[in-house]
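K.L.:
Numbering (the working numbering), first residue to last: 29 to 659.
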């Protein structure tokens, strides 16, 4: 039983799943014969689960109580039968704690847990799975007595008095001694780890001892340069016992000399967090403080410190969002993530919080702005997905940065995405694009004209026709595309396009003419069709554009493309080609009721060539009977 004022947070979902997996494996080890395939499968699944849990951890320690398990300061529910049974089984086997390390394999799990499940007295540890036995720790009374003899210098003492304040005073008067400090930490760990979940006196006594330790003594014991292994064991032992106030004291002392691991800004957030421990979100507060303390667990090598610096702003933001605390350090953490180009991680954090959350709202105002967009655009490669989440939430003020990148980007994929993003601003981006067009290199003008084609309304002051004579065909193409999309300029744009020798522009015109061909453009279209050097596919597009026109000249042209020439070809079809098939489809679609077409279509439908048959087949539904032309 524990004092009612001290409750630990329950295990997180990831850790709970690991514990359930261990319980399941222990059950199968007891009930299935060695070597059973189900054991290997269960152990392999557990290996993968531990691999994910140990990615950012040096180790994961599971302490074993009489009715529950304690992992990273979080307890399992003693009323939950599977985990209660697991704790009882391990306790009965004499196990005080299990320490899991990176590199844990299914073989480690089977080798270490198999003997325990089968009742073997042997305890098997592996490099990645260490088992600590209860027998290796002294009794609770003996641990206190050993500590008092050491601190008070009274080796003849026969009974522990359990007076934390007397021990604290004696420690404060002791001169600094690095060797003695290491031994003292080891004795403190013994006292703390001999606590029994059924004895409130033991837990409260250990907590009182930690509270009574003078700050100078604690600072000396936890200072950088001490034995990292012993310091780490001490932290792992004390974290489950600490109140938020004590946890904050430990954090303040640990941060001295290790600013790279916990900055002053993060410490301020944690301090404000500790003040809210008695609120409904107290479990969140205790968990956050425990997690921060466990980050200092050994080994505390320089490489680990550098890694932690990179994660520091992210931790500050998560703490602020969990606790609803907003201060200058929180906003500065967001700024540091932006400068370090950690925008995707920053956006991911914000997207997990409801939009109405006041801290998240303030952070979004800080993040969704033009400078963040420019940071993304300056990176190589550009994170297009993050840009997509920022724009247009960053506002029209971010458009100049996007326009600058659009103008000079050499990647077509990037240009297309930027055009799409800029197009989302609608007509607001038109004036910005227009003021940049004049006097720019051709590739900039091409991109800006393409952007103007994506917005609903063209700026009134823009003169599309002024670019019809541009020396670069790609710029002319974009200008003609704008004209074709404008009802007032459509015919002029199509006329320019039909005169173009640039294939994309000609293709644009033929595609548009297939929807509706103005009578004035029919002669020009027939001239392009008569160009024998024109690509057959483009000639076929020209045929398709002419086919709906109600003109006897068009009928004669279509029949001439379908029927073989000369006396030898009388009654026979011309050789299959894209223009021939296009003409045949045009006859079947628009001229099928004409007396000069029916027999020709029937001949085509009798062909052995399936393409010819398909082209001659009339559409299933028709809105009209086709053009009416005098025979």
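Cβ coordinates follow ideal geometry from the N, Cα and C atoms, glycine included.
Reducing DSSP to helix, strand and coil, say where residue 128 ends up.
P.N.:
Strand at residue 128.
K.L.:
Do the CB positions of residue 490 and residue 450 come within less than 7 Å of each other?
P.N.:
Cβ distance not < 7 Å, so residue 490 and residue 450 don't count as in contact.
K.L.:
Using 7 Å as the threshold, is the C-beta distance between residue 612 and residue 591 below it?
P.N.:
Their beta carbons are not under 7 Å apart, which means residue 612 does not touch residue 591 by this criterion.
K.L.:
Going straight from the alpha carbon of residue 571 to that of residue 560, what length do you get?
P.N.:
Their Cα atoms are separated by approximately 13 Å.
K.L.:
Quickly, what does DSSP pair residue 561 with across the bridge? List them, please.
P.N.:
Per DSSP, none; premise fails for residue 561.
K.L.:
Helix, strand or coil for residue 102? Go by DSSP, reduced to three states.
P.N.:
Strand.
K.L.:
Please work out which residues of its chain come closer than 6 Å, Cβ to Cβ, to residue 334, disregarding the five sequence neighbours upstream and downstream, and give them in chain order.
P.N.:
The pLDDT assigned to residue 334 is 40, lower than 50, so where the model puts this residue is not dependable; a value taken from the coordinates is nonetheless given after this. Here the set comprises nothing.
K.L.:
Label residue 201 either buried or exposed according to how many other C-beta atoms from any shown protein chain fall within 10 Å of its C-beta, with 16 as the threshold for buried.
P.N.:
That one is exposed.
K.L.:
Since residue 601 contacts residue 575 with CB under 8 Å, what's their CB separation in whole angstroms?
P.N.:
Contact doesn't hold; Cβ gap of about 17 Å is too wide.
K.L.:
How is residue 535 classed by DSSP in three states: helix, strand or coil?
P.N.:
Three-state result, residue 535: helix.
K.L.:
Roughly how many whole angstroms lie between the Cα atoms of residue 378 and residue 301?
P.N.:
Taking the straight line from one Cα to the other gives about 20 Å.
K.L.:
If we ignore side chains and look at the alpha-carbon of each, how far apart do residue 234 and residue 175 end up?
P.N.:
If you take the alpha carbons of residue 234 and residue 175, they lie about 12 Å apart.
K.L.:
With H, G and I counted as helix, E and B as strand and the rest as coil, what does DSSP make of residue 289?
P.N.:
In the structure shown, residue 289 sits in coil (DSSP, three-state: anything other than H, G, I, E or B).
K.L.:
Can you look up residue 591 in the DSSP assignment and give me helix, strand or coil?
P.N.:
The answer is strand: DSSP assigns residue 591 an E or B state.
K.L.:
Residues in its own chain within less than 8 Å of residue 284 by CB, not counting five upstream and five downstream?
P.N.:
Taken in chain order, the residues that qualify are 247 and 251.
K.L.:
Are three or more beta carbon pairs between the region 139 to 148 and the region 78 to 88 nearer than 8 Å?
P.N.:
Touching, no.
K.L.:
Mapping the DSSP letters down to three states, classify residue 483 as helix, strand or coil.
P.N.:
DSSP places residue 483 in coil when its eight states are reduced to three.
K.L.:
Figure out for me which residue from 568, 593 and 634 has the closest Cα to the Cα of residue 609.
P.N.:
Comparing Cα-Cα distances from residue 609 to each of 568, 593 and 634, the minimum goes to 568.
K.L.:
Check whether the Cβ atoms of residue 525 and residue 508 sit closer than 7 Å, and answer yes or no.
P.N.:
Yes; because the gap between Cβ atoms is below 7 Å, this pair is in contact.
K.L.:
How many whole angstroms separate the CB atoms of residue 418 and residue 401, which I take to be in contact at a CB cut-off of 8 Å?
P.N.:
Correct: roughly 6 Å between the Cβ atoms.
K.L.:
Pull up the DSSP beta-bridge partners for residue 91, would you.
P.N.:
Answer is 98 and 125.
K.L.:
Enumerate in chain order the residues of its own chain whose CB-to-CB distance from residue 433 is below 8 Å, with the five nearest sequence positions on each side excluded.
P.N.:
Cβ neighbours of residue 433 beyond the five flanking positions: 405, 410, 442 and 446.
K.L.:
What is the DSSP secondary structure of residue 144, reduced to helix, strand or coil?
P.N.:
It is helical.
K.L.:
Rounding to the nearest angstrom, what Cα-Cα distance links residue 643 and residue 426 in this structure?
P.N.:
Using only the alpha carbons, I get a separation of about 52 Å.
K.L.:
Check the DSSP bridge columns for residue 138 and list the partner residues they point to.
P.N.:
In DSSP, residue 138 forms no bridge with anything.
K.L.:
Name the residue from 96, 552, 624 and 516 whose alpha carbon lies nearest to the alpha carbon of residue 109.
P.N.:
Answer by Cα proximity: 96.
K.L.:
Could you tell me which of 412, 352 and 366 sits nearest to residue 384, measuring between CA atoms?
P.N.:
The shortest C-alpha separation from residue 384 is found at 352.
K.L.:
Taking a contact to mean a Cβ-Cβ separation below 7 Å, would you say residue 114 touches residue 51 in this structure?
P.N.:
Contact flag set, yes.
K.L.:
Which full runs of the alpha helix (DSSP H) of 4+ residues lie inside the region 409 to 472, going along the chain?
P.N.:
Fully enclosed alpha helix (DSSP H) runs of 4 or longer: 412 to 418, 427 to 436, 440 to 451 and 458 to 465.
K.L.:
Would you say the region 467 to 477 touches the region 501 to 519, given that touching needs at least three Cβ pairs under 8 Å?
P.N.:
Result yes; three or more Cβ-Cβ pairs closer than 8 Å.
K.L.:
Using DSSP with H/G/I as helix, E/B as strand and the rest coil, what is residue 631?
P.N.:
Helix at residue 631.
K.L.:
Tell me which same chain residues have a C-beta within less than 8 Å of the C-beta of residue 41, skipping the five on either side of it?
P.N.:
So the list is empty, once near-sequence residues are dropped.
K.L.:
In three-state terms, what does DSSP make of residue 160?
P.N.:
Residue 160 falls in the strand class under three-state DSSP.
K.L.:
Report yes or no: do the region 173 to 192 and the region 121 to 141 share at least 3 C-beta pairs separated by less than 8 Å?
P.N.:
Segments in contact, no.
K.L.:
How long is the line joining the alpha carbons of residue 238 and residue 407, rounded to whole angstroms?
P.N.:
When rounded, the distance between both Cα atoms is 49 Å.
K.L.:
In three-state DSSP terms, what is residue 477?
P.N.:
Correct three-state label for residue 477: helix.
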